[in-house]
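K.L.:
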Amino acid sequence: MIVIKSGAELAKLRRSNVLVAQILAALRQACVAGATTYDLERLALERVEGAGARAAFKGYRGYPACLCTSINEEVVHGIPSPRRRLREGDIVSIDLGVLLDGYYGDSAITVAIGPVGAEARRLLEATERALYAGIEAARPGNRLSDISHQIQHCAEAYGFSVVRDFVGHGIGTQLHEEPQLPNYGAPGRGPKLAPGMVLAIEPMVNQGGPEVEVLEDHWTAVTCDRKLSAHFEHSVAITENGPWILSRLESPDRAMELEAEAGGSLADARSIGASLQRAP
Ligand code: MF3
Ligand code: CO
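Per our numbering, residue 204 is the first one in the sequence shown, and the count goes up by one each step.
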């Protein structure tokens with residue numbers, strides 16, 4: 204069953220996801236050559252706990268950290284370590300989930316460390332565009348696989364491939380709710396999208412083939428061909444006015460205004476949705 208969220212619940216999901224977005228913005232600034240992925244982990248944990256939230260991934264099925272930090276050929280679920288140092292030319296995917304006031308936030312970005320190669324830049328562009336192509340399809344009347352199809356179409360138009368082994372998901376009072384959301388597939392399948400559904404849309408796009416394998420640490424997923432992989436994720440509410448990207452800060456000030464509005468009357472989370480539709 205796909206849970207339909209009330210306006211009050213969407214307001215809480217917005218707060219959780221704004222927190223995630225603010226912390227990801229700080230982490231982006233901290234992504235410099237010489238920093239370790241454990242430096243990022245410490246910064247994130249401090250900010251999560253400072254906000255009175257909980258790190259959603261820590262302890263999830265035994266996952267040991269607050270962040271997933273996945274460098275270059277690592278696809279997802281890289282474990283932060285004081286021995287993993289970022290170097291110029293790397294790309295690093297940072298995934299963060301929080302639990303605040305009973306509701307989860309979940310979002311991911313991939314960041315370039317200093318100047319990176321043209322292929323890496325194209326991969327980041329393709330993956331973020333694929334995410335936004337999927338978000339555009341997250342509107343009432345469409346079906347779930349319309350999102351999947353748009354993501355795949357966009358990524359493959361660049362000559363890249365989408366990972367099959369991990370999927371997006373519903374999100375709310377659980378980190379992973381129904382439905383599962385593959386990043387590939389034919390359009391027009393699956394449940395009809397309706398206002399109040401909230402989806403974490405998270406394409407993982409590979410420079411080479413789509414195949415991945417999990418390393419001996421039982422977590423880190425890497426590309427089988429060891430070519431690059433990127434990951435972008437937003438938590439998105441479906442509203443009558445279209446997609447509302449809960450984990451996106453337009454600007455810090457605007458985000459605070461929106462929060463105030465959402466906290467007040469919930470008429471509406473929905474009209475707020477309309478003002479947040481535009482993709483970059
Ligand atoms: N964004 C990913 C997901 O929704 C990150 C999960 S990491 C884990 O599944 F450790 F919690 F599994
Ligand atoms: Co997720």
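Even for Gly, the Cβ is constructed at its ideal location relative to N, Cα and C. Values in this document were obtained by computation on a predicted structure and should not be read as measured data.
According to the neighbour-count rule (16 or more other Cβ atoms, all chains shown, within 10 Å of its Cβ), is L303 buried or exposed?
P.N.:
buried
K.L.:
Kindly list the residues whose CB is nearer than 7 Å to the CB of G265, restricted to its own chain and excluding five residues on each side of it in sequence; keep chain order.
P.N.:
none
K.L.:
Drop a sphere of 10 angstroms on the beta-carbon of I207, count the other beta-carbons inside from all chains shown, and report buried for 16 or more, exposed for fewer.
P.N.:
exposed
K.L.:
Using DSSP with H/G/I as helix, E/B as strand and the rest coil, what is I354?
P.N.:
In this structure, I354 counts as helix in the three-state DSSP scheme.
K.L.:
Determine whether the beta carbon atoms of A259 and V221 lie at a separation below 9 Å.
P.N.:
It is not a contact, given that the beta carbons lie outside the stated cut-off.
K.L.:
Thinking P398 and T426 are a contact (beta carbons under 8 Å), I'd like their distance in whole angstroms, please.
P.N.:
Not confirmed; about 37 Å, so no contact.
K.L.:
Assign T376 to one of three DSSP states: helix, strand, or coil.
P.N.:
coil
K.L.:
Exposed or buried, what is E244 when buried is set at 16 or more other beta-carbons lying within 10 Å of its beta-carbon?
P.N.:
buried
K.L.:
Can we count A311 as close to the ligand CO, meaning its CB is less than 8 Å from some heavy atom?
P.N.:
Distances from the CB of A311 to the heavy atoms of the ligand CO include at least one below 8 Å.
K.L.:
Assuming the contact rule is C-beta atoms closer than 8 Å, S284 and Y241 should be a hit. Round their C-beta distance to whole Å, please.
P.N.:
6 Å
K.L.:
Does the ligand MF3 have a heavy atom nearer than 8 Å to the CB of V279?
P.N.:
yes
K.L.:
Excluding the five sequence neighbours on either side, which residues of its own chain have a C-beta within less than 6 Å of the C-beta of V417, listed in chain order?
P.N.:
Correct list, in chain order: A424.
K.L.:
Under the criterion of a Cβ to heavy atom distance below 8 Å, does R264 qualify as lining the ligand MF3?
P.N.:
yes
K.L.:
Spatial neighbours of A247 within its chain, please: CB distance less than 7 Å, with the 5 preceding and 5 following residues excluded, ordered by chain position.
P.N.:
I226, L230, C269, L270, L299
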